[in-house]
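Down below is the structure, laid out as structure tokens.
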Amino acid sequence: MKEFIILTNILVKMISILYINCGGVMYVKTRLKELRARHNMNQTELAKKAKISRQTVSLIEREEYIPSLIIAKRLSKILGESIDDIFIFDEEEL
Numbered sequence: 001m002k003e004f005i006i007l008t009n010i011l012v013k014m015i016s017i018l019y020i021n022c023g024g025v026m027y028v029k030t031r032l033k034e035l036r037a038r039h040n041m042n043q044t045e046l047a048k049k050a051k052i053s054r055q056t057v058s059l060i061e062r063e064e065y066i067p068s069l070i071i072a073k074r075l076s077k078i079l080g081e082s083i084d085d086i087f088i089f090d091e092e093e094l
């Protein structure tokens with residue numbers, strides 16, 4: 001399972017790089033830190049429930065990493081919010 005998560009994270013980073021190199025920039029704002037705090041969870045607790053690393057939670061909260069759909073869906077279920085309520089996507093064409 002750990003290998004799958006690592007490979008998924010690498011794949012998402014590669015897709016983000018490809019997207020940027022193809023002429024677009026995708027900005028993702030997140031409310032993850034706010035919602036996590038509202039549920040009285042620290043990063044480690046949320047990471048365990050979502051089956052990801054604490055570092056991944058930190059990267060998402062700092063908007064340095066765009067999670068895969070699988071991770072976004074897990075976070076959505078844990079926090080009781082829709083994906084659209086956790087992540088705000090803004091796409092800008094170059």
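Residue numbers for the sequence shown follow full-length UniProt numbering, so the first one is 1 and each next one is one higher.
Even for Gly, the Cβ is constructed at its ideal location relative to N, Cα and C.
- Looking only at 79, 74, 65, 77, the smallest Cα-Cα distance to residue 89 is reached by 65.
- Ranking 35, 54, 50 by CA distance to the CA of residue 43 puts 54 first.
- For residue 29, the CB contacts under 6 Å within the same chain, skipping 5 residues up- and downstream, are 88 in chain order.
- Spanning the alpha carbons of residue 86 and residue 52 requires a straight line of approximately 17 Å.
- Take residue 83, set aside five residues on each side of it, and the residues of its chain with a beta-carbon closer than 6 Å to its own are 72, 76, in chain order.
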